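2 protein chains.
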Amino acid sequence: MRGTLLKAYKIATIVRMKPTLIKDLLASKPDGKAVTVCGWVRTVRDSKNLVFIQVNDGSSFASIQLTFDRTSPSAGADVKAIEENIAKANTGASVRAEGLLVPSPASGQAVEVTLEKLIVLGECPSDAYPLQKNKMSMEYLRENAHLRARTNTFGAVFRMRNQMAFAVHSFFQENGFQYINAPIITCSDAEGAGEMFQVTTLSLEKIAEIGVKAGNAGKKAESASSLVDYSKDFFGKKASLTVSGQLEAETLATALSRVYTFGPTFRAENSNTPRHLSEFWMIEPEMAFFDLDDDMDLAESFIQYLLRWALEKCRSDLEFFDKRIQNGLIAMLEHVAETPFKRISYTEAIEALEKHADKFEYKPFWGCDIQTEHERYLTEQIYKCPVMVYNYPKAIKAFYMKQNDDGKTVKALDVLVPGIGEIIGGSEREENYDKLLAACNERNMDMSNYTWYLDLRRFGTVPHSGFGLGFERLLRYVTGMSNLRDVIPYPRAPKLADF
Amino acid sequence: MRGTLLKAYKIATIVRMKPTLIKDLLASKPDGKAVTVCGWVRTVRDSKNLVFIQVNDGSSFASIQLTFDRTSPSAGADVKAIEENIAKANTGASVRAEGLLVPSPASGQAVEVTLEKLIVLGECPSDAYPLQKNKMSMEYLRENAHLRARTNTFGAVFRMRNQMAFAVHSFFQENGFQYINAPIITCSDAEGAGEMFQVTTLSLEKIAEIGVKAGNAGKKAESASSLVDYSKDFFGKKASLTVSGQLEAETLATALSRVYTFGPTFRAENSNTPRHLSEFWMIEPEMAFFDLDDDMDLAESFIQYLLRWALEKCRSDLEFFDKRIQNGLIAMLEHVAETPFKRISYTEAIEALEKHADKFEYKPFWGCDIQTEHERYLTEQIYKCPVMVYNYPKAIKAFYMKQNDDGKTVKALDVLVPGIGEIIGGSEREENYDKLLAACNERNMDMSNYTWYLDLRRFGTVPHSGFGLGFERLLRYVTGMSNLRDVIPYPRAPKLADF
Chain A
1 MRGTLLKAYK IATIVRMKPT LIKDLLASKP DGKAVTVCGW VRTVRDSKNL VFIQVNDGSS
61 FASIQLTFDR TSPSAGADVK AIEENIAKAN TGASVRAEGL LVPSPASGQA VEVTLEKLIV
121 LGECPSDAYP LQKNKMSMEY LRENAHLRAR TNTFGAVFRM RNQMAFAVHS FFQENGFQYI
181 NAPIITCSDA EGAGEMFQVT TLSLEKIAEI GVKAGNAGKK AESASSLVDY SKDFFGKKAS
241 LTVSGQLEAE TLATALSRVY TFGPTFRAEN SNTPRHLSEF WMIEPEMAFF DLDDDMDLAE
301 SFIQYLLRWA LEKCRSDLEF FDKRIQNGLI AMLEHVAETP FKRISYTEAI EALEKHADKF
361 EYKPFWGCDI QTEHERYLTE QIYKCPVMVY NYPKAIKAFY MKQNDDGKTV KALDVLVPGI
421 GEIIGGSERE ENYDKLLAAC NERNMDMSNY TWYLDLRRFG TVPHSGFGLG FERLLRYVTG
481 MSNLRDVIPY PRAPKLADF
Chain B
1 MRGTLLKAYK IATIVRMKPT LIKDLLASKP DGKAVTVCGW VRTVRDSKNL VFIQVNDGSS
61 FASIQLTFDR TSPSAGADVK AIEENIAKAN TGASVRAEGL LVPSPASGQA VEVTLEKLIV
121 LGECPSDAYP LQKNKMSMEY LRENAHLRAR TNTFGAVFRM RNQMAFAVHS FFQENGFQYI
181 NAPIITCSDA EGAGEMFQVT TLSLEKIAEI GVKAGNAGKK AESASSLVDY SKDFFGKKAS
241 LTVSGQLEAE TLATALSRVY TFGPTFRAEN SNTPRHLSEF WMIEPEMAFF DLDDDMDLAE
301 SFIQYLLRWA LEKCRSDLEF FDKRIQNGLI AMLEHVAETP FKRISYTEAI EALEKHADKF
361 EYKPFWGCDI QTEHERYLTE QIYKCPVMVY NYPKAIKAFY MKQNDDGKTV KALDVLVPGI
421 GEIIGGSERE ENYDKLLAAC NERNMDMSNY TWYLDLRRFG TVPHSGFGLG FERLLRYVTG
481 MSNLRDVIPY PRAPKLADF
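Read top to bottom, the protein sequences are chains A and B.
Residues in the first sequence are numbered from 1 upward in steps of one, following full-length UniProt numbering.
Residues in the second sequence are numbered from 1 upward in steps of one, following full-length UniProt numbering.
Structure below.
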């Protein structure tokens, strides 16, 4: 069916679109056919008789080479116009070129284009262009985030981001999942999953003014909060940006069986580190009739599918990362993609860690949160493979996780991989109404916000499970980039919301 | 390559996942093999000797029938346990059943399952279950949005939503586009594209308190706004939710050539109508080296691809919408999917409309905004086909649209389809630095927010174009649902942010 659609579409219109992308030109037979190249100049080498211009359009890591031989220009070449445009074609300039696609005698490239026509569409003044510098730091490129996708590194990052996003959708579509959108603006608080941003149309300046007037009239500061009237706010109550779509995903999984979200989530924590973003994209599958074992099966399949996709479809970008960003990256990804994941309980994990207690800043003990140093030691040193840890102490996990009969643990799940530690967190969900309510009451939660969530346990409740994968954490893993701010086009963090 | 991935994945793990989705059971050969069915009971018919239970898991419009013949139960059937569970299996209950997949003698279904085992996983008290009522209004179902995906209508809506989302990604991936994420939280204002929600971690109550204290100390109300200190806000300045990702998409298109966003956007307009949402998903492709004609080619291909995808992959859901929600829906979609789009200039459109001025509430004239009544008349009455209108008066369009040489019009584009009118809006972008700056100055824009946007015209500028498609508007079109609030799981609108 896919084939039919594609074919019909191509016949109808694709032939009219122009120009051909450079990635497609590079994959074409160099049979001397006339081609048009559009892109941005990377380098120009102008020797006495020969001019070589590398042009990149971001469709692939590789650029295409335009060649102009002054001693024997192509039969159709407008030599004068070409020379005038070569003079303007410095790094960063945009060009439209026409020529013949021929085999390249140079090493490292199969094809090149002999110039017949060259037009500089937009010049690039080299004194002002921010990307002229030879050694540009990641910080400098972040300040020029509107241009950084034109560099080798960020072109590769954003192509990987695209491929990984489509891999996520393809995996779930192939396995009978429905893509759903959880709400971004919410009045629930997802029970302390994180600090939240407030969303409002109330004027803060107006509130200050109302305060001043009330103060002029003798109002006491203690009662000032009564001046903020949320019934006049856009949604009629206090609203925030979501920290997770899980609870809403559960409502849809208990109707459509298998669903997944892939959307932005937000944390207002004041964490100014390379491992935090205030705005990031999350993938949250949720499956009815899946128990914890099924959840682990899915998490393992999912990670391996994503890594295999990266290894197969992003080879040239990965080779760049392996060479320039993180040596050994490809071997690490291949290892995780091919190795069965070890499954151990939290209790086993703690026992294993306690034998190496001298290695850690935080000493492991039953009941503690497993720190990144512990996670990495488990997967890199002890088991030397991806590890799934399950059945965590209930005291350190969320209210919605399914309680085990031991009264101490819940059916939580973390996936740990070499290089970064935790990459996925999930659980089987508590589907028993009474047990869920008890867990909420233990935490003194205000249940008026959660009647709809409890309803799922009142009407045809089912065992169900899910997990979350931070998309930027995945990207950091597959690219080797060290800062999450460099795997999203426009990072948001404390004091950072430029562009 | 796709095949390799899929195969490797299936061998590794898919066989371990359970249960089989009902859509896959319904497509299987009824060869008497043992199967497991999980889902929610839709109806139970219990006659003297025969029991029929319709079970749905949301994977397809159709349910599967479980049959139990009291006069000749299956050889392996645990009759007593089955009878006990049948007694609990009313509408809404969740079940896990085992049995044999056999040909069905009933009309309208090829297969059914003869029961060998039946377990009610979660009962559904019929006195309390909100979906028991016979005639449920859309309003009533909206109030029970956490359960409405279990109905025929909303199951179909959300499956269509899933299919259309994947169709969007597939179209762009097949055509060399890179998926990008524009930021959600922004300090730009996209120049009046709409009212914005403010995002803050400042405490409104604290601001009121500061105001009261300052008022106590004699501060004047006129200077109250100085009490709001955005340098202390999370991002160090005033921040909002994005109304469009276009400007950021342009920065990536001028590096990666072809990109598209697909993410949430927000409008704080106080519009309480079936055609407005405060939170909605937008698709915004942006293409370097595309002029207005290329933009129109792409828009036409895109819409036709999406409709063909719907017609081919969502047949049973569409048949339901055609029968119950909007008669003639399928014929309308087929017409648009197969008919070349008529292209007319705004000036031609106005001339054509002026001949029918008596038909309209708003009289058309050169320079006016084209209203929905005009759009629908053009596509439904005058041309009787999808219509693309281009070259609009510059005074009614945005600052970034490419100016024509006539000094009066810009290269804007609207796509109109029968049934709803405008479905896509776009333009070629002004790539000339001086002309863009002049357009900004004419509008008295604060250019300090837009230096990065102007940079795209300083460094290797290129002709480029793009458009926007509101995802919920598309869904309203392909489902025939009349209210946008019924094509998104959890709608947000004035005074509405439940769940």
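By construction, the Cβ of each residue, glycine as well, lies at the ideal position given by its N, Cα and C atoms.
The model shown is predicted, which means the values in this text are computed figures rather than measured ones.
Margin query: Three Cβ pairs or more, each shorter than 8 Å: is that satisfied between the stretch 213-233 of chain B and the stretch 272-283 of chain B?
Written below: These segments do not touch.
Check: What residues are listed by DSSP as bridge partners for A:D69?
Finding: DSSP output for A:D69 lists A:L50 as bridge partner(s).
Check: Are the CB atoms of B:S63 and B:N56 nearer to each other than 9 Å?
Finding: Annotated as proximal: B:S63 and B:N56, with beta-carbon spacing under 9 Å.
Note to self: Residues of chain A with CB closer than 8 Å to the CB of B:I180, please, in chain order.
What the structure shows: The CB of B:I180 comes closer than 8 Å to the CB of F158, R161, N162, P489 in chain A, given here in chain order.
Checklist line | is_contact[B:A93, chain A] using C-beta, thresh 9 Å | finding: True, the Cβ-Cβ gap to chain A drops below 9 Å.
Item checked: Secondary structure of A:M17, DSSP reduced to three states -> Any reading at A:M17 needs caution, since the residue's pLDDT is 46, under 50, leaving its predicted position unreliable; the model's value is listed next. Here A:M17 sits in coil by DSSP.
Checklist line | Interface positions of the stretch 453-469 of chain B facing chain A (Cβ-Cβ less than 9 Å), listed along the chain | finding: Taking 9 Å as the Cβ-Cβ cut-off against chain A, the residues of the stretch 453-469 of chain B that qualify are Y453, D455, L456, R457, R458, F459, G460, T461, V462, P463.
Checklist line | Alpha-carbon to alpha-carbon, B:L436 and A:F499 | finding: Distance from the CA of A:F499 to the CA of B:L436, rounded to the nearest whole angstrom, comes to 18 Å.
Next item on the list: Return the Cβ separation of A:V212 and B:A214 in integer angstroms, given the expectation that the two are a contact with Cβ distance under 8 Å.
Entry: 5 Å between Cβ atoms; contact.
Notebook entry, point to check: For B:Y377, which beta-bridge partners are listed by DSSP?
Noted result: Residue pairing of B:Y377 in beta bridges, as defined by DSSP: absent, with no partner found.
Check: Just the Cα atoms here: how many angstroms apart are B:K411 and A:Q178?
Finding: One C-alpha to the other measures close to 38 Å.
Notebook entry, point to check: Given that A:S59 touches chain B, what residues does it touch there, using C-beta distances under 9 Å?
Noted result: By Cβ distance, chain B contributes G176, Q178, L256, S257, R258.
Item checked: Top-ranked residue by Cα proximity to A:G99, from A:G92, A:P105, A:A87, A:I82 -> Proximity to A:G99 across A:G92, A:P105, A:A87, A:I82 peaks at A:I82, based on C-alpha coordinates.
Item checked: Minimum Cβ-Cβ distance from A:Y129 to chain B less than 9 Å -> Chain B contact via Cβ: present.
Notebook entry, point to check: Can you tell me the Cα-Cα spacing of B:T201 and B:L241, whole angstroms?
Noted result: Between the alpha carbons of B:T201 and B:L241 lies a distance of about 14 Å.
Notebook entry, point to check: Can you tell me whether DSSP reads B:N391 as helix, strand or coil?
Noted result: Three-state result, B:N391: strand.
Check: By the criterion of Cβ-Cβ separation under 7 Å, what are the contact partners of A:I303 in chain B?
Finding: What A:I303 touches in chain B: nothing, since even the nearest Cβ is about 11 Å away.
Next item on the list: Starting from the C-beta of B:E248, find all residues in its chain whose C-beta is less than 7 Å away, skip the five residues before and the five after it, and write them out in chain order.
Entry: Same-chain partners within the cutoff: A182, P183.
Margin query: Can you pull out the residues from the stretch 211-226 of chain A whose beta carbon lies closer than 9 Å to at least one beta carbon of chain B?
Written below: Answer in chain order: G211, V212, K213, A214, G215, N216, A217, G218, K219, K220, A221, E222, S223, A224, S225, S226.
Item checked: Spatial neighbours of B:G460 in its chain, beta-carbon cut-off 8 Å, leaving aside the 5 residues before and after -> For B:G460, where only same-chain residues beyond five positions count, the Cβ hits under 8 Å are T254.
Note to self: Would you say A:N483 lies against chain B (beta-carbon separation less than 9 Å)?
What the structure shows: Chain B contact via Cβ: absent.
Note to self: Looking at chain B, is there any beta carbon in it that lies within less than 9 Å of the beta carbon of A:N270?
What the structure shows: Yes, its Cβ sits closer than 9 Å to a Cβ of chain B.
Note to self: So, with DSSP's three-state summary, where would you put B:F320?
What the structure shows: DSSP places B:F320 in helix when its eight states are reduced to three.
Next item on the list: Report the rounded CA-to-CA distance for A:L26 versus A:W40, giving the unit in angstroms.
Entry: The straight-line gap from Cα to Cα measures roughly 16 Å.
Margin query: For the pair the stretch 412-421 of chain B and the stretch 333-349 of chain B, tell me if three or more CB-CB distances fall below 8 Å.
Written below: Under the 8 Å Cβ criterion, the stretch 412-421 of chain B counts as touching the stretch 333-349 of chain B, having at least three qualifying pairs.
Notebook entry, point to check: Ordered along the chain, which non-local residues of its own chain (more than five positions away) have a Cβ less than 7 Å from that of A:L21?
Noted result: Excluding the 5 residues flanking it on each side, A:L21 has same chain C-beta neighbours closer than 7 Å at D57, S59, in chain order.
Note to self: Looking only at its chain, what residues have a beta carbon closer than 7 Å to the beta carbon of A:A357, apart from the 5 residues adjacent to it on each side?
What the structure shows: Closer than 7 Å at Cβ, skipping near neighbours: K363, P364.
Notebook entry, point to check: If we cut at 9 Å on Cβ distances, does B:H169 have a partner in chain A?
Noted result: Put simply, the CB of B:H169 is near chain A, with a gap under 9 Å to one of its CB atoms.
Next item on the list: Write down the C-beta distance between A:Y400 and A:E430 rounded to the nearest angstrom, noting that I regard them as a contact closer than 8 Å.
Entry: Contact holds; Cβ gap of about 6 Å.
Notebook entry, point to check: For A:F197, which option in B:E319, B:F234, B:A268 has the closest C-alpha, if you only look at C-alpha atoms?
Noted result: In this structure, B:F234 is the residue among B:E319, B:F234, B:A268 with its C-alpha nearest to the C-alpha of A:F197.
Next item on the list: Please list the segments of the alpha helix (DSSP H) lying wholly inside the stretch 111-147 of chain A, counting only runs of 4 or more residues, in order along the chain.
Entry: Within the stretch 111-147 of chain A, the complete alpha helix (DSSP H) runs of at least 4 residues are 138-143.
Item checked: Spatially closest choice to A:T71 from A:S104, A:T114, A:K238, by CA coordinates -> Ranking A:S104, A:T114, A:K238 by Cα distance to A:T71 puts A:T114 first.
Checklist line | Stretch pair the stretch 152-169 of chain A + the stretch 296-316 of chain A: three plus CB contacts closer than 8 Å | finding: The stretch 152-169 of chain A vs the stretch 296-316 of chain A: in contact.
Notebook entry, point to check: Can you find a CB in chain A that lies within less than 9 Å of the CB of B:H146?
Noted result: B:H146 counts as touching chain A.
Next item on the list: Find the residues of chain A that neighbour B:A62, judging by a C-beta separation of less than 7 Å, and give them in chain order.
Entry: None at all; the shortest Cβ gap to chain A is about 14 Å.
Notebook entry, point to check: Under a three-way DSSP split, which group does A:E472 fall into?
Noted result: Reduced to three states, the DSSP call for A:E472 is helix.
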